[in-house]
Each structure stands twice: as C-alpha cells, then as structure tokens.
Amino acid sequence: MLTMIAAAAENNALGKDNELVWHLPDDFKRFKRLTSGHYIIMGRKTFESFPKLLPNRKHVVITRKKEYTAEGAIIVHSMEEAIRVSKLDTQPFIIGGGEIYKMGISEADRIELTRVHGTFEADAYFPEIDETRWELKDEQFHPCDEKHKYAFTYLTYERK
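In case it helps, the numbering used here puts the sequence shown at residues 951 to 1110.
Below, the structure is given as structure tokens:
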C-alpha cells in the first residue's frame, strides 16, 4: 500500500523556500511513528532540506539531475522507478514536496494528511483531493495549545 503523508494548510500550502511555515511537534511525532522502518519517497529539494538522513528509513530521492548522488539514499529519476525500488516495503510513503505529491496522487492508495487550520503564503502546494476518488476514513482534531500555535486535524483518506 503506497501512502502519501503531508501537512497542508486549508489553502493546500505545504511550505515556502523549502521549509515548513509552521511548527507542530505532535505532527512530527506522528510522521516519525508512521514512516519509521519504511521507504520514504521524496524529491531532491525535500531531501536536501533535511539536516541529515532520517533514522530508520530508506530514502528514495527523485531527481531530474542524472549525475546526482547522495550518500545513504537511493537515487531515481521517475515516480515509477521510485515505486519499483520501494517494492520490498509493503508500506512505502511519499513525503513530498509539491511536485512529487502531484506525481504520486494517481499512484497512491492512501493519504495521511495533517490539515493545518489556517491559510499561508507558500511556493509549494498539496494537490486537491478529489472526493469522488478518495474516501475519508478517519479524522482526529488537535486544538491549539502551548506547543502548537495552530489547530490541525489528522485526516486519513483511502482510494475508493
């Protein structure tokens, strides 16, 4: 089962200048819990935004740059190739960024979306979820608190 996992605002904003525009510690914990032990498929810019490899995960990086190398990562040049090299995992995750989500939405079986309640200026966006093709299976609201400036809702969608 191929899953897309993302945090996106109500206007589908993902981030700006290759960074998130919010800090949600509980969402980071959920991301870590769900993706640990799995292949994570991402674009080169997303990969380069990490200070180091994320522990206990296989990094699959999609890039158009034919000569690109990255220690500890599997480098591929298409979504199809990324999915193929991730076949050893029964639960690989597509983790971004915006262009990679657009490529992956037609391939994914599930979407784990953290809907951040607010609208933000961004340069990367999550694709629209077509509710004729996706069914909302679960939602959990998280209010603002001392660690979270914005309220958010975990949404789980499965392909119909």
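The beta carbon of each residue, even a glycine, is placed where N, CA and C say it ideally should be.
Just so we're clear, the structure is a prediction, and the values are computed from it rather than from any experiment.
Taking only the alpha-carbon atoms, compute the straight-line gap between residue i and residue j and give it to the nearest angstrom.
i, j, result
"T1082", "R1007", "33 Å"
"F1102", "T953", "20 Å"
"I1024", "A1032", "9 Å"
"M1053", "V1035", "16 Å"
"S986", "E1071", "30 Å"
"R1109", "G1048", "20 Å"
"R1111", "D976", "Missing from the structure shown is residue 1111; the chain here goes from 951 to 1110 and no further."
"L1088", "L1105", "Going by the sequence as given, residue 1088 is Asp instead of Leu. So the alpha carbons of these two residues sit roughly 6 Å apart."
"A957", "D1095", "18 Å"
"F1076", "Y1107", "14 Å"
"V971", "R1014", "26 Å"
"T1069", "V1026", "33 Å"
"I1050", "R1065", "18 Å"
"E1085", "P1001", "35 Å"
"P1093", "K1016", "44 Å"
Mapping DSSP to helix, strand and coil, what is residue i?
i, result
"I1055", "coil"
"G1046", "strand"
"D976", "helix"
"L964", "strand"
"A1020", "coil"
"E998", "helix"
"V1035", "helix"
"T985", "helix"
"M1029", "helix"
"K1087", "strand"
"V971", "coil"
"Y1100", "coil"
"H1067", "coil"
"L1003", "coil"
"T1040", "coil"
Using 7 Å as the cut-off, classify the Cβ of residue i as near or not near the heavy atoms of the ligand FMN, replying yes or no.
i, result
"E1089", "Of the ligands one can find in the structure shown there are none, so the ligand FMN has no counterpart to examine."
Relative to the alpha-carbon of residue i, which residue among the options has its alpha-carbon at the smallest distance?
i, options, result
"V1011", "P1001, K966, F997 and K979", "F997"
"G965", "D1073, K1097 and P1093", "D1073"
"N961", "E1078, H973, S1056 and S999", "E1078"
"H1067", "S1056, H1098 and W1084", "H1098"
"E1057", "F978, I955 and E1030", "E1030"
"Y1100", "K1037, H973, I955 and M951", "H973"
Compute the beta-carbon to beta-carbon distance between residue i and residue j, rounded to the nearest angstrom, for a pair I have assumed lies under 8 Å.
i, j, result
"Y1018", "R980", "Incorrect: roughly 30 Å between the Cβ atoms, too far for contact."
"E969", "S999", "7 Å"
Measuring CB atoms only, is the stretch 1056-1072 touching the stretch 1000-1019, in the sense that at least three cross pairs come out at less than 8 Å? no
For the pair the stretch 984-995 and the stretch 1035-1044, tell me if three or more CB-CB distances fall below 8 Å. yes
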